[in-house]
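For reference, the structure discussed in these notes is given below.
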Amino acid sequence: MKLLKPLALAFLLPFATEMASAYVPTNFNPEAKVILMNDSLKWDTKLPFDKDVIKGKLANGFQYYIRKNSEPEKRVTMYLAMKVGSILENEKELGLAHFMEHMNFNGLKHFPKNDLIDYLQKAGVRFGSDLNAYTSFDETVYQLPIPSDDPELLKNGLQVMRDWAQDALLETDEINKERGVIMEEMRGGRGAQQRMRDQYIKVMLNGSRYADRLPIGTEQVIMNFDPEVIRNFHAEWYRPDLQSLIIVGDVDPQQMEAEVKRLFSDMKVPKTIKPRTEYKVDLLNKNQFIKVTDPEMTYTVGQIMIKHPEEKVSTVKDYRRELLKDVFNQMINARYSELSQSANPPFIQGGVDISGFLGGLDNLGAFFVSKPGQFEEGFKAVVRELDRFQRFGFTETEFKRAVSSIAKNNETSYVERDKRKSDSYVNAYLNHFLKDGPALSNEDRYEITKQLLPTLTLKEVEAVGKEFYKDINRDVLILAPDAEKDKLPEEAAVNSWFAAIEKEDLKPYDDKVSDLPMLSKTPVKGSIKSEKSIDGIETKELTLSNGVKVLLKPTKFKNDQIMISAYSPGGTSLYSDADFMSATFAGNLVNSSGIGQLNTVELQKSLTGKEVNISPYITERSEGLRGATDKESLKTAFEMVYGYFTEPRIEDDVFQSTISKQKDMMANRENDPNFVYSDAIQRTLYGNSIRRVPYGVNELDKVNQARALEIYKDRFADASDFTFVIVGSFTEEEIKPYLEEYVASLPTTNRDEKPKDLNLYEKNKGVEKIVNKGKEAKAMVRLTLYGDYTYNEQENINASAVETILTNKLIERLREEESGVYGTGARFSYSKFPKPRYSFLIVFGTSVDKYPSLINSSMDEIKKLKANGPSQVDLDKFKIEEKRQLELSLRENGFWASEILGSVQNQTDPTNVTRYLEELDKVTVESVKEAANKYLKEEDFYKFILLPDATK
């Protein structure tokens, strides 16, 4: 289960992503047409509800939303939402809304004990990533995405929803077993952030009821409540008038509606209905200040929260105001981004956002991560930009860029509307039910946004920002390491900083843009020398005149998405340890700088309103590019490709800013138990190799700006050994001219180059390493194996089977049977180069007293797998999960880009994926048993254990 903050207004997709350069006739809601024909005085008309949704309410108060959507095909997503969260708990129930969520996975009327998870796994549904739920202050939401092409499974999926709604068994023994699981969830969340939150939350939430109703609850209640208390909570609150079912997917809506009526109409309403109180966070009409430190905090954060009454969105006028806020957010944050890229940035990171808060409030929130010992400078820099805006406003060019960015996103979303995933619809309907938020159709959102954007004015945006930037109901919150305690200001000092900035002689913002083209010279066009088809995967391989190979796979999975990647063997492995740090940072430094004639800020501004991103990288064994674009920005994308090869830059400001931030971020990292633990693991495995252990200030001082650029240019000097992979919504005729002009023209030297084997391998025989760090009484365990591997398709699938089957068995044993962990899992990883190697990992967190027995239990599950192999049932669960996931993956551009590029990197047949199901069928109980015996040698495990300071 996952604990989430309250749902944001999902419709605020200034919005999502999308673009159509011309108006496309639509099936436009007549109600929306009327709205837009009205003048501004009529803008109080309510926003139209999504016309493609069947919305209904049963006699018992139960509501439902049903929408047909065929992406992904043969799938349906179901959500059960209820207006029941931790805010409704009394003092004896603290944590029981969340506990109840857990119990709905531990015994239902039609799925007793753990039968629910077992049944769904047999259908290919994954616990955690597919089957899940969350509890927050005001709601509990259950989710179940399942295949819709199996009538029996679809029927049972609806039955699960019905059981979740009111038919939990709540057996005493299951309740008692789950106490330990929730305690481990609570324990896992303990640390610096939790300890500080416990101190500031009353201030942040204005002393409201919310401050005392964190969903995780209290240990006292969780471990001691009488089972009858949770049964009463369930009977009182799990009732139809507080619930709604959301169904989006490849289904027949009318059939689904009939089934919903059949299953949910008989739900009982209590004889005495307890009113569902709407709790609020009241404004105090005063300013507040609090500073909190902790010995394990690794950086200092400053936050300014200026609270305002919540602005609901129900009319076109409200929607337009949200657009104004979005424009403001984009413009102010562009300034902070520019400031953070300066040679000596005043903070590590900073930003401002007008958004929803909690309990009937919105807020303008400003935050920054301070450089060590420079809190005042960072604080003043954040406030100074807000004051600069307040005095001088924004420029017209900033405004036009922000509006064009929103317009582009709106267009892109609309173009992809028929490819929109079912999951992406759910939040709008959830928000409609839970918060009375808007739920517009794709067409209405597109048209309303498109017609409202030109009506926005710069003055209106500035007015909205000034409304929210006030000096009342303002909270200042400071979180810092204990070591910074003496350097932190008191409230009077902070107030004096606000006053001092008001008196500063600020200058208007200078919006620096460039009219220069990105590239200083036009490429000399090359040609396509040869073509051949790769049968089975509808891909074509081109060889260009300069030796570059290009693999093209046109698809129709998206209407306007083109993914571009490039790969060349080499990487940092070819450079000495003395050059390693410069080589490691080279790709990031170039990526953070501009291209050709444009510096980083000018480049970012020039790309506003374009759906394009190309980034260079250098890893240990390769270099290349990765990114994506739409058709409209194809030329820009290939200009960036050409520029990163021929006109890369590392700007002085970017270099100084990057290295400065890196040093600042590591100043207090030794406070963090997780860092100390990770550092100890790496040093145990690899000694003090600079290429494997976390680098420090001394290593950062070895990054040389000139040498980094020199290494980068060397890596991209010879395009002849590069392979480009391009996947997406293009035709060969559209893409070939760009390949000839910008890729076939890339420089070559025809050198023969291979990555170097650095011989940095883990010893096959493990050791036990205990690390003592941290205040909390909790343990973290990592059990790992390393060794040589037999790399082939069949072995890889058997390794995946070992991973999935052991993960399921560990969850059953460590969580469900022994109540010792919240989460656990196994990971079997393998690689082909520089030589075939594997790693195997089991990881879990638990209490200090339980970790030895849980290690033993983990080893026992490995022994069982080795002795007996998996059960046929467990093997079948793995196979159906693989088949169902492959069905989805085969319709994703990202999957094909990764598969094709992976075949290039691993020198394997790119058509292997077409035979995956045949290879999967060859996996047997015996083959998994054989793989487990071959690779899982208990005596060779590394045992890395993190314990608190006091444990010896």
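Residue numbers (my numbering): 59 to 1010. A virtual CB, placed ideally from N, CA and C, is assigned to each residue, including glycine.
Out of Y849, R184, Q509, which has the shortest C-alpha to C-alpha gap to L202? On the sequence shown, position 144 is the one that residue 202 refers to. Out of Y849, R184, Q509, R184 has the C-alpha closest to the C-alpha of L202.
Output needed for L174: all residues of its chain with C-beta closer than 7 angstroms, excluding positions within five of it in sequence on either side, in chain order. As a working note, residue 174 is residue 116 in the sequence shown. Here the set comprises F163, L166, V218.
Would you list the residues sitting across from M363 in a DSSP beta bridge? Residue mapping note: residue 363 aligns to position 305 of the sequence shown, counting from 1. BP columns for M363 point to G423, D533.
P367 burial status per 10 Å Cβ neighbour count (16 or more: buried): As a position in the sequence shown, residue 367 is number 309, starting the count at 1. Its Cβ having fewer than 16 others within 10 Å, P367 is exposed.
Whole angstroms is fine: what's the gap from A68's alpha carbon to F491's? For this step, residue 68 is matched to residue 10 along the sequence shown. For this step, residue 491 is matched to residue 433 along the sequence shown. Legend: pLDDT at A68 = 25, less than 50; position of this residue unreliable, value from coordinates given subsequently. Each residue's alpha carbon lies about 12 angstroms from the other.
Output the distance between the C-alpha atoms of N148 and K365, rounded to the nearest integer angstrom. As a first step, residue 148 must be located in the sequence shown, where it is residue number 90. As a first step, residue 365 must be located in the sequence shown, where it is residue number 307. Rounded to whole angstroms, N148 to K365 spans 27 angstroms at the Cα level.
Hey, L864 and L923 are a contact pair by Cβ (cut 8 angstroms); roughly how many whole angstroms apart? What you label residue 864 is simply residue 806 of the sequence shown in a count that begins at 1. What you label residue 923 is simply residue 865 of the sequence shown in a count that begins at 1. With 8 angstroms as the limit, L864 and L923 qualify as a contact, their Cβ atoms being about 6 angstroms apart.
Within-9 angstroms CB hit, Y896 to chain D: The question asks about chain D, but that chain is absent: this structure has only one protein chain.
Whose C-beta lies closer than 6 angstroms to the C-beta of S897 among residues of the same chain, with five residues either side of it excluded? Position 839 of the sequence shown holds residue 897. Sequence-distant partners of S897 (beyond 5 residues in either direction) whose C-beta falls short of 6 angstroms from its own C-beta, in its chain, are Y844, S887.
Residues near F386 in its chain [Cβ-Cβ closer than 7 angstroms; skip 5 each side]: Along the sequence shown, read from residue 1 onward, the residue named residue 386 stands at position 328. Take F386, set aside five residues on each side of it, and the residues of its chain with a beta-carbon closer than 7 angstroms to its own are I412, V519, V522, G523, in chain order.
Please state whether the Cβ-Cβ distance between K438 and P404 is less than 9 angstroms. Locating residue 438 in the sequence shown gives position 380, where the first residue counts as 1. Locating residue 404 in the sequence shown gives position 346, where the first residue counts as 1. Yes, Cβ-Cβ distance for K438 and P404 is below 9 angstroms.
Taking the alpha-carbon positions, what's the Y137 to I304 distance? Mapped onto the sequence shown, residue 137 falls at position 79. Mapped onto the sequence shown, residue 304 falls at position 246. Taking the straight line joining both Cα atoms gives about 5 angstroms.
Please report how far the alpha carbon of T807 lies from the alpha carbon of F780, in whole angstroms. On the sequence shown, residue 807 is found 749 positions in, with the first residue counted as 1. On the sequence shown, residue 780 is found 722 positions in, with the first residue counted as 1. Between the alpha carbons of T807 and F780 lies a distance of about 12 angstroms.
Taking DSSP as the reference, what is the three-state secondary structure of P328? Here residue 328 refers to the residue found at position 270 of the sequence shown. Note: P328 maps to coil in three-state DSSP.
What beta strand (DSSP E) runs, 3 residues minimum, are completely inside the region 469 to 533? If you keep only unbroken beta strand (DSSP E) runs of at least 3 residues inside the region 469 to 533, you get nothing at all.
Contact check, F696 vs Y796, beta carbons under 9 angstroms: Residue numbering aside, residue 696 sits at position 638 when the sequence shown is read from its first letter. Residue numbering aside, residue 796 sits at position 738 when the sequence shown is read from its first letter. Contact flag set, yes.
Look at the Cβ atom of S572, then the Cβ atom of E705, and state whether they are nearer than 9 angstroms. Mapped onto the sequence shown, residue 572 falls at position 514. Mapped onto the sequence shown, residue 705 falls at position 647. No; because the gap between Cβ atoms is not below 9 angstroms, this pair is not in contact.
Going by Cα to Cα distance, which pick from I938, R942, K827 is closest to F999? Counted from its first residue, the sequence shown places residue 999 at position 941. If you compare the alpha carbons of I938, R942, K827 with that of F999, the shortest gap goes to K827.
In its own chain, which residues sit with a C-beta less than 7 angstroms from the C-beta of K329, not counting the 5 before and 5 after it? The count along the sequence shown starts at 1 and reaches residue 329 at position 271. So no residue of the chain qualifies.
Pull the bridge partners of E589 from the DSSP assignment, please. On the sequence shown, residue 589 is found 531 positions in, with the first residue counted as 1. The bridge partners DSSP lists for E589 are L600.
On the CB-based measure, 16 or more other CB atoms within 10 Å of its CB, does M158 come out buried or exposed? The sequence position of residue 158 within the sequence shown is 100, counting from 1. By the neighbour-count rule (16 or more Cβ atoms within 10 Å), M158 is buried.
Is R446 buried or exposed, if buried means 16 or more other CB atoms sit within 10 Å of its CB? The count along the sequence shown starts at 1 and reaches residue 446 at position 388. Of the other Cβ atoms in all chains shown, 16 or more fall within 10 Å of the Cβ of R446; this residue is therefore buried.
Counting Cβ pairs, one atom from each stretch, are 3 or more of them under 8 angstroms apart for the region 461 to 481 and the region 499 to 517? Because the criterion of three Cβ pairs below 8 angstroms is met, the region 461 to 481 and the region 499 to 517 touch.
Return the CA-CA distance between N118 and Y377, expressed in angstroms with no decimal places. Along the sequence shown, one-based indexing puts residue 118 at 60. Along the sequence shown, one-based indexing puts residue 377 at 319. Cα atoms of N118 and Y377: separation of roughly 33 angstroms, rounded to the nearest angstrom.
Within this structure, are the beta carbons of G682 and A641 separated by less than 9 angstroms? Walking along the sequence shown from the start, residue 682 turns up at place 624. Walking along the sequence shown from the start, residue 641 turns up at place 583. Not in contact: G682 and A641 (Cβ atoms no closer than 9 angstroms).
Environment of K616 [buried if 16+ CB atoms lie within 10 Å]: Numbered from 1 along the sequence shown, position 558 holds the residue referred to as residue 616. It counts as buried.
Is F457 near L564, with beta carbons less than 9 angstroms apart? Taking the sequence shown and counting its residues from 1, one reaches residue 457 at position 399. Taking the sequence shown and counting its residues from 1, one reaches residue 564 at position 506. Not a contact, by the Cβ cut-off of 9 angstroms.
Beta-carbon spacing of R478, P311 below 9 angstroms: The residue given as residue 478 occupies position 420 in the sequence shown. The residue given as residue 311 occupies position 253 in the sequence shown. No, these two residues do not count as a Cβ contact at 9 angstroms.
When the Cα atoms are used, what is the spatial distance from M723 to A424? Within the sequence shown, residue 723 is the residue found at index 665, counting from 1. Within the sequence shown, residue 424 is the residue found at index 366, counting from 1. Pairing M723 with A424, the inter-Cα distance amounts to about 20 angstroms.
What is the DSSP secondary structure of A541, reduced to helix, strand or coil? Counting from 1 along the sequence shown, the entry for residue 541 is found at position 483. Three-state result, A541: helix.
Buried versus exposed call for G495 [16 or more other C-beta atoms within 10 Å across all chains shown]: Along the sequence shown, read from residue 1 onward, the residue named residue 495 stands at position 437. Flag for G495 reads buried.
Given L499 as reference, the closest of T103, A486, D108 once Cα atoms are compared: One-based indexing of the sequence shown puts residue 499 at position 441. In the sequence as displayed, the identity of residue 499 is Ser instead of Leu. Measuring from the Cα of S499, the nearest candidate turns out to be D108.
Between A686 and I622, is the Cβ-Cβ spacing less than 9 angstroms? Residue 686 sits at position 628 when you count from the first residue of the sequence shown. Residue 622 sits at position 564 when you count from the first residue of the sequence shown. Inclusion of A686 and I622 in the CB contact set at 9 angstroms is warranted, their separation being smaller than that value.
Presumed contact (8 angstroms Cβ cut-off) between P285 and T193, rounded CB distance: Reading the sequence shown from its first residue, position 227 is the one you call residue 285. Reading the sequence shown from its first residue, position 135 is the one you call residue 193. In this structure P285 is not in contact with T193, their Cβ atoms being roughly 19 angstroms apart against a cut-off of 8 angstroms.
Rounded straight-line distance, which links the Cα of V670 to that of Q943: By one-based count along the sequence shown, residue 943 stands at place 885. By one-based count along the sequence shown, residue 670 stands at place 612. Near 29 angstroms, if we compare the C-alpha coordinates of V670 and Q943.
Should L154 go down as buried or exposed, given a rule of 16 or more other Cβ atoms within 10 Å for buried? Stepping through the sequence shown from its first residue, residue 154 is reached at position 96. Buried: at least 16 other Cβ atoms inside 10 Å.
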